[in-house]
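In this note's numbering, the protein residues as written are 271 to 350.
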């Protein structure tokens, strides 16, 4: 799956009222990675690159706005 496809799926999940929480440390830890691969019967030729926790989004989710600056603070007006 490409990065673009991954984020599209994430947006679809969010639009359906669910929230995702990446738990990459579980994929990065050799011990945790091996246990997850065993429990979910992930084939030997496949890689576990991330683990996501999925749950119902709280009311008003996302409660925190994005940390990005608004476009008007990043772009100069025409002719400036």
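From the three backbone atoms N, C-alpha and C, an ideal C-beta is built for every residue, glycine too.
By alpha-carbon distance to residue 293, the top candidate from 276, 319, 346 is 319. Counting along the chain, the unbroken beta strand (DSSP E) around residue 324 starts and ends at 322-326. In the structure shown, residue 346 falls within a coil segment according to DSSP collapsed to helix, strand and coil.
Residue 289 carries a strand assignment under DSSP once its states are collapsed to helix, strand and coil. For residue 306, the enclosing alpha helix (DSSP H) has its first and last residue at 300-309. Straight across, the Cα-Cα distance linking residue 326 with residue 350 is about 46 Å.
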